[in-house]
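Protein chains in written order, with the working numbering: chain A, 1 to 328; chain B, 329 to 656.
Where is the CB? At the ideal position from N, CA and C, for every residue including glycine.
Notes for the one structure printed next.
Protein chains: 2
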Amino acid sequence: MPAAELIEIWRGGLREGVHRGHAVIHDGRGIVEAWGDPSAIIFPRSSCKIIQALPLVESGAADAAGLGAEQLALSCASHSGAALHVGKVRSWLEGMGLSETDLRCGCHMPWNKDENRLLTCGDHAPSQLHNNCSGKHAGFLSWVRHEKAGPEYVELDHPLQQAIRSVTAEVTGEEPAGVGIDGCSAPNFAGSITGLARAMAAFAQPKEDTRGQAMSRLVQAMCTYPELVADEGRACTELMRAMGGRVAVKTGAEAVFIAIIPDRKLGVAVKIEDGGTRASEAAITALLVHLGVLDKAHPVVGKLLTGPMVNWRSIEVGGLRLASGFPV
Amino acid sequence: MPAAELIEIWRGGLREGVHRGHAVIHDGRGIVEAWGDPSAIIFPRSSCKIIQALPLVESGAADAAGLGAEQLALSCASHSGAALHVGKVRSWLEGMGLSETDLRCGCHMPWNKDENRLLTCGDHAPSQLHNNCSGKHAGFLSWVRHEKAGPEYVELDHPLQQAIRSVTAEVTGEEPAGVGIDGCSAPNFAGSITGLARAMAAFAQPKEDTRGQAMSRLVQAMCTYPELVADEGRACTELMRAMGGRVAVKTGAEAVFIAIIPDRKLGVAVKIEDGGTRASEAAITALLVHLGVLDKAHPVVGKLLTGPMVNWRSIEVGGLRLASGFPV
Chain A
1 MPAAELIEIW RGGLREGVHR GHAVIHDGRG IVEAWGDPSA IIFPRSSCKI IQALPLVESG
61 AADAAGLGAE QLALSCASHS GAALHVGKVR SWLEGMGLSE TDLRCGCHMP WNKDENRLLT
121 CGDHAPSQLH NNCSGKHAGF LSWVRHEKAG PEYVELDHPL QQAIRSVTAE VTGEEPAGVG
181 IDGCSAPNFA GSITGLARAM AAFAQPKEDT RGQAMSRLVQ AMCTYPELVA DEGRACTELM
241 RAMGGRVAVK TGAEAVFIAI IPDRKLGVAV KIEDGGTRAS EAAITALLVH LGVLDKAHPV
301 VGKLLTGPMV NWRSIEVGGL RLASGFPV
Chain B
329 MPAAELIEIW RGGLREGVHR GHAVIHDGRG IVEAWGDPSA IIFPRSSCKI IQALPLVESG
389 AADAAGLGAE QLALSCASHS GAALHVGKVR SWLEGMGLSE TDLRCGCHMP WNKDENRLLT
449 CGDHAPSQLH NNCSGKHAGF LSWVRHEKAG PEYVELDHPL QQAIRSVTAE VTGEEPAGVG
509 IDGCSAPNFA GSITGLARAM AAFAQPKEDT RGQAMSRLVQ AMCTYPELVA DEGRACTELM
569 RAMGGRVAVK TGAEAVFIAI IPDRKLGVAV KIEDGGTRAS EAAITALLVH LGVLDKAHPV
629 VGKLLTGPMV NWRSIEVGGL RLASGFPV
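See the structure below:
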């Protein structure tokens, strides 16, 4: 099946553009609703950080290190490198007797405006702590410490990545279709969008075993600290706040978005084939409204989906629209 | 006809994404080659600034004001708001006894890193001179001055916009299919991608009449001052430099790109339906190589199309590829 038209761009009463993609809502037993091709193979990118964090909790490493919900939220985060995020990851590493140089995520300028300005105007280079994945990598290092594994933890044959490969296969219900290297140098396992939605449904209806308890703790951590998962003003943070901490959502590069909805025992996965983040944000927003867990009158819905696009003189020039048939 | 797959995103040996769109190569008499739907209606956005600048030259306004090739290049530009651009537009306005407040393009932070840093770190707000369209608007004001027209020159019923509407219909060979408001508040006339390519073919083989002379001067201005049309490091500037000033190219918002190739008497137009600029830049690069006017070994081809994507630790993670059938 081809990708479906999901989000349109309108201007002057004409359709200026369109984003196509795939979306699946899964209840753990099967597909509840789907658009596009539910068998499409995608890289989940950062949308699967909650899966990559499972070994950290399941292994007992998180408890052994005394990690709290803040650290668990950061281990699932693509944060903006704000002072808040950088400070907490730094303390976490210091608590292990480690430092920024033990990370393997690389450096990039923080997305957070204040921190970016501080570095830019002070003529400072960013550190690996500013990398949006530094919390995930700190979690990786906690696992490494607990398991007495080697320091090159992003190598594909490192026991941590093999553990992540195994847990990915188990929660998605399928063997990885391939492996790529992510922006942060960690392996990223490809799979079907249905497998990703199935995994998120598993997080939405955790069992009472060790894995289920780990899933619950991670979902709860994201919902409790939405500002640690992204940043003020960003989609993940604002959507989780708008839903009162009852739904966990997470974006991934190249326009992936997942949602975990415990109240409905549902998992959701969205992939826009062109990588346009405005469309993945709009599509997940539409699906959350569709599923009745996000109030369509909430300002974040206007910001990400229904609100007008305005130009540099605040003149309304157009906006996003749902394509016919999406979600209904 | 549907949009065609033009540019793919690859990672870990798998196709991670795809950009679809339309492309037309026109020789003034008809379509030479096309991909996707040549009848697709698009907004040309800033790719048509050279059309919007025609009244300025044709009317005699440019000569009356003593405008040189630098100003003509700026009138066709989406510049980065570097000190170079801001300074030249300011002088241009001052020469008319006007100032930044006479512009109607609105303010946005400059894309040029040095100027952006200067404003950010000095806690200064950007002015309308920083708007990427300020050169186009200065050209508009030169026309207004010459024609003794009113100051609200971006209103659709202003004689300038009606003159642009007429010239657009003439060079594209079709009545506008609609009108939208652009980021800079100027009207932007929708039309088929074939009409846009036809217009660019007209610029590539100008007649000897007043319009043809105006076309030649504008193409020559862009080719002579590529750094005024965009900025150092940006696609338009680098592509024009790479082709030794023999081809004019121009990007537009939402992933439009045009090329004017006098040596081949050809016009080219590209539109990526999802608005992804990386794909419109890659697609125009592919077409310029395909047409034999850009050396595929030139570094800009590696940068925009064939080069590897590397991550924050400089590890190669994937790259762009041409979709099957594009261009051959």
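Judged by DSSP in its simplified three-state form, W35 of chain A adopts strand. Neighbours of T120 of chain A across chain B, judged by C-beta separation under 8 Å: R445, T448, C449. G573 of chain B and G183 of chain A have their C-alpha atoms roughly 36 Å apart.
By the criterion of at least three beta-carbon pairs nearer than 8 Å, the stretch 158-170 of chain A is not in contact with the stretch 92-112 of chain A. For a cut-off of 8 Å, the C-beta gap from L556 of chain B to H354 of chain B is around 26 Å, too long to register as a contact.
In chain order, I9, E16, G17 make up the part of chain A whose C-beta sits under 8 Å from the C-beta of E582 of chain B. For the stretch 406-437 of chain B, the set of residues with a beta-carbon nearer than 9 Å to any beta-carbon of chain A comprises R432, C433, G434, C435, H436, in chain order. DSSP, read as helix, strand or coil, puts K578 of chain B in strand. In this model, A197 of chain A and L14 of chain A are separated by some 34 Å (Cα to Cα). Per DSSP, reduced to three states, the secondary structure at G135 of chain A is helical. The beta carbon of V547 of chain B sits closer than 6 Å to those of F531, A576, I588, all from its chain and outside the five residues before and after it, given in chain order. Rounded to the nearest angstrom, the Cβ distance from V89 of chain A to L129 of chain A is 5 Å, consistent with a contact under 8 Å.
Against chain B, the CB of S59 of chain A has no partner CB under 8 Å away; the residue lies outside that interface. DSSP places E238 of chain A inside the alpha helix (DSSP H), whose first and last residues are 235-242. For C133 of chain A and E152 of chain A, the gap between their C-alpha atoms comes out near 16 Å.
For L93 of chain A, the enclosing alpha helix (DSSP H) starts and ends at 83-95.
The beta carbon of E601 of chain B sits closer than 8 Å to some beta carbon of chain A. A214 of chain A sits in a helix when the DSSP states are folded into three classes. If you ignore the 5 residues before and after D157 of chain A, its C-beta comes within less than 8 Å of no other C-beta in its own chain. Among the residues facing chain A, I369 of chain B is included, as its CB has a counterpart in that chain under 8 Å away.
At a cut-off of 8 Å, the C-beta of I315 of chain A has a neighbouring C-beta in chain B. Per DSSP, the unbroken beta strand (DSSP E) holding R20 of chain A starts and ends at 14-26. Going by DSSP, M309 of chain A is part of the beta strand (DSSP E) stretching over 308-310. In this structure the stretch 590-598 of chain B touches the stretch 607-625 of chain B; the number of beta carbon pairs closer than 8 Å is three or more. Flagged as an interface residue toward chain A: V507 of chain B, by a C-beta distance shorter than 8 Å. E155 of chain A sits in coil when the DSSP states are folded into three classes, being neither helix nor strand. Excluding residues up to 5 positions away in sequence, K377, S403 lie with their Cβ nearer than 6 Å to the Cβ of K464 of chain B in the same chain. Residues of the stretch 161-188 of chain A whose Cβ lies closer than 8 Å to any Cβ of chain B, in chain order: A177, G178, V179, G180, I181, D182, G183, C184, S185, N188. If you draw a straight line from the Cα of V656 of chain B to the Cα of T605 of chain B, it comes to about 22 Å. The straight-line gap separating the alpha-carbon atoms of A214 of chain A and V57 of chain A is approximately 6 Å. DSSP, read as helix, strand or coil, puts F203 of chain A in helix. In the structure shown, the three-state DSSP call for R592 of chain B is helix. CA-to-CA, the gap between G349 of chain B and E503 of chain B works out to about 23 Å. Taking 8 Å as the cut-off, the Cβ atoms of L488 of chain B and L426 of chain B do not count as close. Counting only residues of its own chain and dropping the five nearest sequence neighbours on each side, P226 of chain A has a CB closer than 6 Å to the CB of T237, M240, R241. A Cβ-Cβ contact shorter than 8 Å links D365 of chain B with A331 of chain B.
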